[in-house]
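Protein chains: 2
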Amino acid sequence: MARIIHAAAAQMGPIAKSETRKDTVRRLIAMMREAKGRGAELVVFTELALTTFFPRWLIEDEAELDSYYEKEMPGPETQPLFDEAKKLGVGFYVSYAELVQEGGRKRRFNTSILVDRSGNIIGKYRKVHLPGHVEPQPGRTHQHLEKRYFEPGDLGFPVFRGFGGVMGMCICNDRRWPETYRVMGLQGVEMVMLGYNTPYDHTGHKDIDSLTQFHNHLSMQAGAYQNSTWVIGTAKCGVEEGSNMVGQSAIIAPSGEIVAQAVSLDDEIITARCDLDLGKRYRETIFNFAKHREPETYRLIVERKGAVPPPEV
Amino acid sequence: MARIIHAAAAQMGPIAKSETRKDTVRRLIAMMREAKGRGAELVVFTELALTTFFPRWLIEDEAELDSYYEKEMPGPETQPLFDEAKKLGVGFYVSYAELVQEGGRKRRFNTSILVDRSGNIIGKYRKVHLPGHVEPQPGRTHQHLEKRYFEPGDLGFPVFRGFGGVMGMCICNDRRWPETYRVMGLQGVEMVMLGYNTPYDHTGHKDIDSLTQFHNHLSMQAGAYQNSTWVIGTAKCGVEEGSNMVGQSAIIAPSGEIVAQAVSLDDEIITARCDLDLGKRYRETIFNFAKHREPETYRLIVERKGAVPPPEV
Numbered sequence: 001m002a003r004i005i006h007a008a009a010a011q012m013g014p015i016a017k018s019e020t021r022k023d024t025v026r027r028l029i030a031m032m033r034e035a036k037g038r039g040a041e042l043v044v045f046t047e048l049a050l051t052t053f054f055p056r057w058l059i060e061d062e063a064e065l066d067s068y069y070e071k072e073m074p075g076p077e078t079q080p081l082f083d084e085a086k087k088l089g090v091g092f093y094v095s096y097a098e099l100v101q102e103g104g105r106k107r108r109f110n111t112s113i114l115v116d117r118s119g120n121i122i123g124k125y126r127k128v129h130l131p132g133h134v135e136p137q138p139g140r141t142h143q144h145l146e147k148r149y150f151e152p153g154d155l156g157f158p159v160f161r162g163f164g165g166v167m168g169m170c171i172c173n174d175r176r177w178p179e180t181y182r183v184m185g186l187q188g189v190e191m192v193m194l195g196y197n198t199p200y201d202h203t204g205h206k207d208i209d210s211l212t213q214f215h216n217h218l219s220m221q222a223g224a225y226q227n228s229t230w231v232i233g234t235a236k237c238g239v240e241e242g243s244n245m246v247g248q249s250a251i252i253a254p255s256g257e258i259v260a261q262a263v264s265l266d267d268e269i270i271t272a273r274c275d276l277d278l279g280k281r282y283r284e285t286i287f288n289f290a291k292h293r294e295p296e297t298y299r300l301i302v303e304r305k306g307a308v309p310p311p312e313v
Numbered sequence: 001m002a003r004i005i006h007a008a009a010a011q012m013g014p015i016a017k018s019e020t021r022k023d024t025v026r027r028l029i030a031m032m033r034e035a036k037g038r039g040a041e042l043v044v045f046t047e048l049a050l051t052t053f054f055p056r057w058l059i060e061d062e063a064e065l066d067s068y069y070e071k072e073m074p075g076p077e078t079q080p081l082f083d084e085a086k087k088l089g090v091g092f093y094v095s096y097a098e099l100v101q102e103g104g105r106k107r108r109f110n111t112s113i114l115v116d117r118s119g120n121i122i123g124k125y126r127k128v129h130l131p132g133h134v135e136p137q138p139g140r141t142h143q144h145l146e147k148r149y150f151e152p153g154d155l156g157f158p159v160f161r162g163f164g165g166v167m168g169m170c171i172c173n174d175r176r177w178p179e180t181y182r183v184m185g186l187q188g189v190e191m192v193m194l195g196y197n198t199p200y201d202h203t204g205h206k207d208i209d210s211l212t213q214f215h216n217h218l219s220m221q222a223g224a225y226q227n228s229t230w231v232i233g234t235a236k237c238g239v240e241e242g243s244n245m246v247g248q249s250a251i252i253a254p255s256g257e258i259v260a261q262a263v264s265l266d267d268e269i270i271t272a273r274c275d276l277d278l279g280k281r282y283r284e285t286i287f288n289f290a291k292h293r294e295p296e297t298y299r300l301i302v303e304r305k306g307a308v309p310p311p312e313v
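Protein chains in written order, with UniProt numbering: chain A, 1 to 313; chain B, 1 to 313.
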């Protein structure tokens, strides 16, 4: 029996700082309805989809900082999204800033959840690879303070049964690291969902930053191909509070081919019919891990964090 | 001070079964001379560059099989290549079938060496990821019996100081596995050299095999970008003994960009001026491993060989 997920990526244009959660959730619901109308049963929203990308600013007032985080999910402002999902019979992935009280202290994560077609949360992930800095960098128009505002995720890269397949999640910078896909690939992942906010000035070097679109696709295509999995990458894009962010949301097949791509820098739905069995021939031949991987040779990947070049001769 | 390697990939057209080592070495020397004339100080030859790609046949006669392997390096037939390298002041990477007597038995490896500009071997690698099968597969025009004719390499993925940088090697199928590049990346590799023999029927599935050229570049470009390293991939290509093999040898920058590419399916030299410091800005920002990697999260990569999906619900 064919195992098909009709999936959508719901790319999002800028969210202004002044935009309320209510306004933003209304935009998400409108996209969910359009996706449903185009046959989708699963909608992948972007990273930090409920607010502007606040790590671009140094925010020293704690109440102001906290206002960007969700203390419950769903909460009063996000409940309508869950209600709509249930009503339409559409599942979704969404990412948001999560604030929890644990061990007597505030813990902050860049989090995503997977919600099934009945509106139930069936999976949760916390971003592992936090880019940027703890302290503001002099000379930058926009900061990138994710290392200040979030802890690295403490849930690993879990996968979840849902939508008839094995589903995985990651967020933004995670997509550049082959380990992300591989850890999920070793759990038989068949579809990786991710959202991203990627400004064109993220490294501060023009030669790198001018290749941002190329690198965006290269990482996701390699991750898909090398792990025989679908990848759905959804951007927040356009010019948000003066920060210029990459679009090109894409649905990528286990072959590494881009089968759907956004063309705007605004709210835009793209869809694809994702056959989960398409990866099977890859998994059974060239990427038959059980036959071809040689884990003993890979030990350095877990034994070493940073690179250590050999001594100078 | 700029750290530049003027490098060449010496793509090779078919080697007929009837071609002698002497003939083949003559071709390699001709390419080395052309590369030198075009300013190269390092030439990357292909995989199993001294013979036809014999794993396409079931060879049951041991003496015949042994005839494809080198018992010493350099040996009488390969010495002229080393002599020419020394004379020209050009280093090289070359791969060959290696036969050694160890522990009272024959051991067979798919091996590569790095030779410096004085003709001295300064590095050795044995292919880790052997593709194909131990037993011939019914219905295939050409077999792929690397798992029959070679043991997995026992040297890991070592790197070597040479040519002013940190040099790494892999061979053919290794290039599809992100672990290959990462283990070298964690040793600060700045240039990965590899040769490949990749037939268009290697999986036996038309939908996969028709994407062979795309996958060839995708894997190498991702490996380069994600590890801030140059990659030089050199094909044996064209129609060799009825087997149709991919060309498109490429020199790839640490940005993931292809900066030189072969256009023929024959002996062809491509060159590039490889600035080893080009990867520095990547290593110091987006791919600063010491800052951004989270090895504890990657444990499955070494703890598990094959994929284990979660239980059905």
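Don't be surprised by glycine CBs; every beta carbon is placed ideally from N, CA and C.
Presumed contact (8 angstroms Cβ cut-off) between residue i and residue j, rounded CB distance
i: A:GLY132; j: A:ARG175; result: In fact, because the Cβ distance is near 15 angstroms, the residues do not count as touching under 8 angstroms.
i: A:TRP230; j: A:GLU190; result: 7 angstroms
i: A:ARG126; j: A:LEU155; result: 5 angstroms
i: A:LYS305; j: B:PRO295; result: 5 angstroms
i: A:ASP266; j: A:GLY233; result: At roughly 17 angstroms, the Cβ-Cβ gap does not stay under 8 angstroms, so A:ASP266 and A:GLY233 are not in contact.
i: B:MET169; j: B:TYR93; result: 6 angstroms
With 16 other Cβ atoms within 10 Å as the buried cut-off, status of residue i
i: A:GLY123; result: buried
i: A:PRO311; result: exposed
i: A:GLU135; result: exposed
i: B:ILE121; result: exposed
i: A:PRO76; result: exposed
i: B:SER118; result: exposed
i: B:SER95; result: buried
i: A:PRO55; result: buried
i: A:ASP209; result: buried
i: B:GLN101; result: exposed
i: B:VAL25; result: buried
i: A:PRO138; result: exposed
i: A:GLU240; result: buried
i: B:VAL263; result: exposed
Minimum C-alpha distance to residue i - residue among the options
i: A:ILE251; options: A:GLY242, A:GLN261, A:LEU211, A:ASN244; result: A:GLN261
i: B:ASN216; options: A:MET220, A:GLN226, A:ASN216; result: A:GLN226
i: B:ASP83; options: B:THR285, B:ASP116, B:ASP209; result: B:ASP116
i: A:GLY89; options: A:LEU48, A:GLU41, A:LYS147, A:LEU218; result: A:GLU41
i: A:SER219; options: A:ALA49, A:VAL192, A:CYS237, A:HIS205; result: A:VAL192
i: A:GLN248; options: A:GLY242, A:GLU241, A:ILE269, A:SER228; result: A:ILE269
i: B:ARG148; options: B:ALA97, B:GLU240, B:LEU50; result: B:ALA97
i: A:LYS206; options: B:ASP275, B:THR141, B:ARG281; result: B:ARG281
i: A:MET32; options: A:PHE150, A:LEU81, A:GLY188, A:LEU186; result: A:LEU81
i: B:MET73; options: B:LYS87, B:ILE113, B:VAL313; result: B:ILE113
i: B:ILE258; options: A:GLU70, A:ARG283, A:PHE214; result: A:PHE214
i: A:LEU300; options: B:ALA272, B:GLY188, B:ILE286; result: B:GLY188
i: A:SER243; options: A:GLY256, A:CYS274, A:ASP201; result: A:ASP201
i: A:LEU211; options: B:PHE150, B:GLU303, B:ILE286; result: B:ILE286
i: B:GLU146; options: B:LEU65, B:ARG273, B:PHE92; result: B:LEU65
i: B:TRP57; options: B:ARG140, B:LEU186, B:ARG273; result: B:ARG140
i: B:ILE29; options: B:LYS87, B:GLU62, B:SER18, B:ILE5; result: B:LYS87
i: A:SER18; options: A:GLY37, A:LEU50, A:ALA9; result: A:LEU50
i: A:TRP177; options: B:ARG293, B:GLY37, B:LEU194; result: B:ARG293
i: B:LYS291; options: A:ALA63, A:LEU194, A:THR20, A:LEU130; result: A:LEU130
Residue j beta carbon less than 8 angstroms from that of residue i
i: A:VAL44; j: A:ALA16; result: no
i: A:GLN11; j: A:THR46; result: yes
i: B:ARG3; j: B:GLY165; result: yes
i: B:PRO309; j: B:GLY279; result: no
i: A:ILE59; j: A:ASN110; result: no
i: B:MET167; j: B:PHE157; result: no
i: B:GLU70; j: B:LEU99; result: yes
i: A:ASN288; j: A:MET245; result: no
i: A:THR271; j: A:ALA35; result: yes
i: A:GLN221; j: A:GLY185; result: no
i: B:ARG105; j: B:GLU151; result: no
i: B:VAL128; j: B:GLY153; result: yes
Check: Which of the residues in the segment 161–178 of chain A, read from start to end, lie with their CB under 9 angstroms from any CB of chain B?
Finding: ARG161, GLY162, VAL166, ASN173, ARG176, TRP177, PRO178
Check: For the segment 117–142 of chain A, which residues have a CB atom closer than 8 angstroms to at least one CB atom of chain B, in sequence order?
Finding: VAL128, HIS129, LEU130, PRO131
Check: Quick one, which residues of the segment 288–305 of chain B are near chain A if we go by CB-CB under 9 angstroms, in chain order?
Finding: ASN288, PHE289, ALA290, LYS291, HIS292, ARG293, GLU294, PRO295, GLU296, THR297, TYR298, ARG299, LEU300, ILE301, VAL302, GLU303, ARG304, LYS305
Note to self: By the 9 angstroms beta-carbon criterion, what residues does the segment 195–222 of chain A contribute toward chain B?
What the structure shows: HIS202, THR203, GLY204, HIS205, ASP207, ILE208, LEU211, PHE214, HIS215, LEU218, SER219, GLN221, ALA222
Item checked: chain B contacts made by the segment 233–250 of chain A, where a contact means CB separation under 9 angstroms -> none
Check: Quick one, which residues of the segment 91–108 of chain A are near chain B if we go by CB-CB under 7 angstroms, in chain order?
Finding: none
Check: Of all the residues that make up the segment 59–88 of chain B, which are near chain A by a beta-carbon distance shorter than 8 angstroms?
Finding: none
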